[in-house]
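K.L.:
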Ligand code: C2E
Ligand code: CA
Ligand code: CA
């Protein structure tokens, strides 16, 4: 990470600071040492210069003094001779002997060039170099004038001058000579050869690398080496400090600019005690420091080297430290990242190290296993944790404990699942580590297992009724068959179908249909119990696998119980319902040797039951299959009958008991089967309804009958039977109207016959259809009255014009008083309600007579006429005739009724 690279850690910073401090210390120490040695070097140079200056000054003083002694000696000698007059005195001096003495002295002293005696007027009295002395007046000279004017016994040094004789630079030492009475007598002169000094200084300076200069108190140069300063002049570089030093009576040392080039020099200024001259000895500062500089350079080099080494060392240490810190930081970061990661993964992780201690336990593991954080943070042994868990009741039994312990010491990966006391299901994965430890990973798979369970459940159950679905049912059937084979017991398979379920769905909506199925499933379960498999195998189909491993031998009893239970009224959306089911039963191994055969045979039995009606139970038998096949063929035939024009409509006349004449006719359908001959409608109407053929067939009958009736010579009515399926159709009214328009039959001549079954669970459209048709003038009659469940109430609720008393009552009425009573009652009610009455199935004259005597208006039956083919019916209408074998026939005198 950048922050780790960018900055130094506190430790590194401290180290750097320590390094810097050490460096500064080193530099300071070395500097101080160098300054110190420099000072020492300078000090040594000063001392040395002083020492040399002192020595040189002494030598210089010796040269001066030697000259001075000679001067003083000659002066003393001159003064000691007592001459009478100054002239005499002068004459005494002006001698060749004296000159010889002077010359001898001058020769003895190398520094002395000449000795001269000057008289009071400035003339040379004697001169060491030459005899006689040259005529020369020195009265203009500084020393002469000084002594002429000053009574001074001291010494005077002249300013340097070039010798007029040899051109050498000379300075004169002079003393005053007093006359006998103390008057100015003249002066004694010693000419100092200044080159003597220069030579002397050269000797010294050459060896010592010195600069030596001899100046007078005014700073005028007398001699110098190695400089070639012009004598008699003050050097330009003579500073004020130097001037002050010259004036001082004692020696001093100063540092200042050199006289020649102004470069820094150590200058020892040494005045001579007895003579007004000063010896300056100097060394160049750089020269003085040359040794020091060399040493300092070496020292500095060594120091720099040492510092470099130190810097490198520190750098290496810091780098190492940083590497260390970085790896520590990396380690910390890694460990931090690791623990953060561990805490944020969805699984619980526990790591047990090779010593059996819990090294890692993430947050999820704590939560998932309800482990106390304090215990887990204490790096406990796995055994301690295990003991805690056992005490906390974590493991329901010894087996679970054993499995846990086994997974702790497994030498290969183990995965298992266990359910915690709180119901959560954990998947535990144990992976052994090379060091003998183990990593345990916990995943909460409760939801996964629950949804798997749910998926499994949904895959095998019907979501509406919660019963087993076809998949589970098939599997169970195979299982039960295998079990039956093993246990040598039998098995019953019940196939259940809800009667008229389509009607419920169509007329009450799918919600009601679903509710009905749910209720049905409840009743099945209640009746059968939870042992046997109950399945919903299709829309309104159910199946029950009933192992007959108990005392029962067949399932018929149970099946009938179920039918009864289902038949009990039930309530759906506030409406009372009566459901009805049909059941087909097949037994294993009696009726089938395989599951598929058993299924097929139960299905055949169910089909048979449905074919025979509703609410029936049928057990498979061998003949059933043949019947089924016949039925199947019948279906096929029926489907093609329409196209093959095998249908015919016949007409059974209805006669009026009042007029004795034909009042109308009922249209009845006939099927001429090519093999089976004439098939009665009772044998195929239900089938046609089932096959969905009834609507086209019914409308064909209606159209045929209307067309036929419209042809009749009498405007009598025609009655057409309608199947409940037709009446439930919303298009009925429109279709009927169209047929009437097409055939030209006036609506009032058409009567539609419907049965009570239609009214049991009426579709709301039925009533509106009836009203619509009645509004056109069409009439309705209630067929087969008295046979069904209907009561008289229907007659009030539905707009009927007539009732047809079923032939059952008519046929019994002569012999059975109760049947007669019912007929009587029906006739009476009809009169009350203003309904017409048709008595069906009049087969005997007695029946006719009885009906007539009770004012039954209309009669229909074989006694009067069987159903007639269209052509015969036309003739029947054409020739109205009285009742055929009526003992007291009604004459056909009355006009024919047109109502029926
Ligand atoms: P249904 O409406 O009660 O018709 C009267 C039935 O009684 C007819 O039987 C008729 O032949 C029969 N019959 C008439 N007089 C006597 C008699 O004196 N004694 C006896 N025992 N029977 C008599 P069919 O034609 O076999 O019709 C049977 C049923 O089939 C009809 O009963 C009717 O419900 C139905 N059907 C006939 N034609 C049609 C049709 O076109 N459409 C519909 N939906 N149903 C029809
Ligand atoms: Ca009828
Ligand atoms: Ca009837």
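Numbering (the working numbering), first residue to last: 2 to 901.
Cβ coordinates follow ideal geometry from the N, Cα and C atoms, glycine included.
#1: Helix, strand or coil for residue 18, going by three-state DSSP, please let me know.
#2: With DSSP as the reference, label residue 25 as helix, strand or coil.
#3: Is any heavy atom of ligand 2 found at a distance shorter than 7 angstroms from the C-beta of residue 873?
#4: Could you tell me if residue 912 is buried or exposed, where buried requires 16 or more neighbouring beta carbons within 10 angstroms of its beta carbon?
#5: Would you kindly check if the distance between the Cβ of residue 202 and the Cβ of residue 902 is under 8 angstroms?
#6: Would you call the segment 770-779 and the segment 791-808 touching, i.e. three or more CB-CB distances under 8 angstroms?
#7: Looking at residue 191 and residue 108, is the spacing between their C-beta atoms short of 8 angstroms?
#8: Between which residues of its own chain and residue 169 is the CB-CB distance below 8 angstroms, once the five residues before and five after are set aside?
#9: Based on the DSSP secondary-structure assignment, which residues constitute the bridge partners of residue 722?
#10: Tell me the DSSP secondary structure of residue 569 in three-state form.
#11: CA-CA distance, residue 268 and residue 26?
#12: Are the segment 435-452 and the segment 364-377 touching by the rule of at least three beta carbon pairs closer than 8 angstroms?
#13: I need the DSSP call for residue 100, collapsed to helix, strand or coil.
#14: Buried or exposed for residue 743, please, with buried defined as at least 16 other CB atoms from any protein chain shown within 10 angstroms of its CB.
#15: Using a threshold of 7 angstroms, is the CB atom of residue 785 nearer than that to any non-hydrogen atom of ligand 1?
#16: Does the Cβ of residue 894 have 16 or more other Cβ atoms within 10 Å, making it buried, or fewer, making it exposed?
#17: Check whether the Cβ of residue 667 lies closer than 7 angstroms to any heavy atom of ligand 2, and answer yes or no.
#18: Shorter than 7 angstroms, the distance from the beta carbon of residue 838 to the closest heavy atom of ligand 1, or not?
#19: Tell me the residue span of the beta strand (DSSP E) that contains residue 428.
#20: Taking the beta strand (DSSP E) that residue 678 falls in, what are its first and last residues?
#21: Hey, residue 284 and residue 210: beta-carbon distance below 8 angstroms or not?
#22: Where do the N-terminal and C-terminal ends of the alpha helix (DSSP H) with residue 654 fall, by residue?
#23: So is residue 384 buried or exposed if we call it buried at 16+ other beta carbons inside 10 Å?
#24: Determine the DSSP secondary structure at residue 546, reduced to helix, strand or coil.
#25: Residue 632: beta carbon under 7 angstroms from a heavy atom of ligand 1?
#26: Are the CB atoms of residue 879 and residue 714 within a distance shorter than 8 angstroms?
#27: Give the range of the beta strand (DSSP E) segment to which residue 116 is assigned.
#28: I think residue 42 touches residue 289, with their Cβ atoms under 8 angstroms apart; what is that distance to the nearest whole Å?
#29: Of the residues 797, 711 and 525, which one's Cα is nearest the Cα of residue 566?
#30: In the DSSP assignment, find the unbroken alpha helix (DSSP H) run with residue 707 in it and report its ends.
#31: State buried or exposed for residue 848, treating a residue as buried only when at least 16 other CB atoms are found within 10 Å of its CB.
#32: Can you determine whether any heavy atom of ligand 1 sits closer than 7 angstroms to the C-beta of residue 730, and answer yes or no?
#33: Do residue 669 and residue 654 have their C-beta atoms closer together than 8 angstroms?
#34: Considering only DSSP beta bridges, list what residue 362 is partnered with.
#35: Would residue 832 be called buried (16 or more neighbouring beta carbons within 10 Å of its own) or exposed?
#36: According to DSSP, is residue 250 helix, strand or coil?
P.N.:
Per the coordinate set shown:
#1: Residue 18 sits in a helix when the DSSP states are folded into three classes.
#2: In this structure, DSSP gives residue 25 a helical state, which the three-state scheme calls helix.
#3: Relative to ligand 2, even the nearest heavy atom lies 7 angstroms or more away from the CB of residue 873.
#4: Here the chain comprises residues numbered 2 to 901, so residue 912 is not present and cannot be evaluated.
#5: Missing from the structure shown is residue 902; the chain here goes from 2 to 901 and no further.
#6: Contact between the segment 770-779 and the segment 791-808 is established, with three or more Cβ pairs separated by less than 8 angstroms.
#7: No, Cβ-Cβ distance for residue 108 and residue 191 is not below 8 angstroms.
#8: The answer, listed in chain order, is 114, 163, 194, 195 and 196.
#9: In the DSSP assignment, residue 722 forms a beta bridge with 754.
#10: DSSP places residue 569 in coil when its eight states are reduced to three.
#11: Whole-angstrom Cα-Cα distance: 35 angstroms.
#12: Contact check between the segment 435-452 and the segment 364-377: three or more CB pairs, one atom from each, fall below 8 angstroms, which counts as touching.
#13: Three-state DSSP puts residue 100 in a helix.
#14: The residue in question, residue 743, is exposed, as its Cβ has fewer than 16 Cβ neighbours within 10 Å.
#15: Yes, since a heavy atom of ligand 1 falls inside the 7 angstroms radius drawn around the Cβ of residue 785.
#16: Residue placement at residue 894 is poorly supported in this model, since its pLDDT is 36, which falls under 50; the coordinates still yield a value, given next. Exposed, by the Cβ-count rule.
#17: Result yes, Cβ under 7 angstroms from ligand 2.
#18: At a cut-off of 7 angstroms, the beta-carbon of residue 838 does not count as near ligand 1: no heavy atom of the ligand is closer than that.
#19: Residues 426-433.
#20: Membership of residue 678 in the beta strand (DSSP E) is indicated by the continuous run 678-680.
#21: Their beta carbons are under 8 angstroms apart, which means residue 284 touches residue 210 by this criterion.
#22: Where residue 654 is concerned, there is no enclosing alpha helix (DSSP H), although the beta strand (DSSP E) it sits in stretches over 648-657.
#23: Here residue 384 is exposed, its C-beta having fewer than 16 other C-beta atoms within 10 Å.
#24: If DSSP states are grouped into helix, strand and coil, residue 546 belongs with the strands.
#25: Incorrect: residue 632 has no Cβ contact closer than 7 angstroms to ligand 1.
#26: Contact: yes.
#27: Residue 116 -> beta strand (DSSP E) spans 113-120.
#28: 6 angstroms between Cβ atoms; contact.
#29: Among 797, 711 and 525, the Cα nearest to that of residue 566 belongs to 525.
#30: Where residue 707 is concerned, the enclosing alpha helix (DSSP H) stretches over 695-712.
#31: That one is buried.
#32: No - ligand 1 has no heavy atom lying nearer than 7 angstroms to the Cβ of residue 730.
#33: No; because the gap between Cβ atoms is not below 8 angstroms, this pair is not in contact.
#34: The partner list for residue 362 (beta bridge, DSSP) reads 351.
#35: Taking every protein chain shown into account, the CB of residue 832 has fewer than 16 other CB atoms within 10 angstroms, so this residue is exposed.
#36: DSSP places residue 250 in coil when its eight states are reduced to three.
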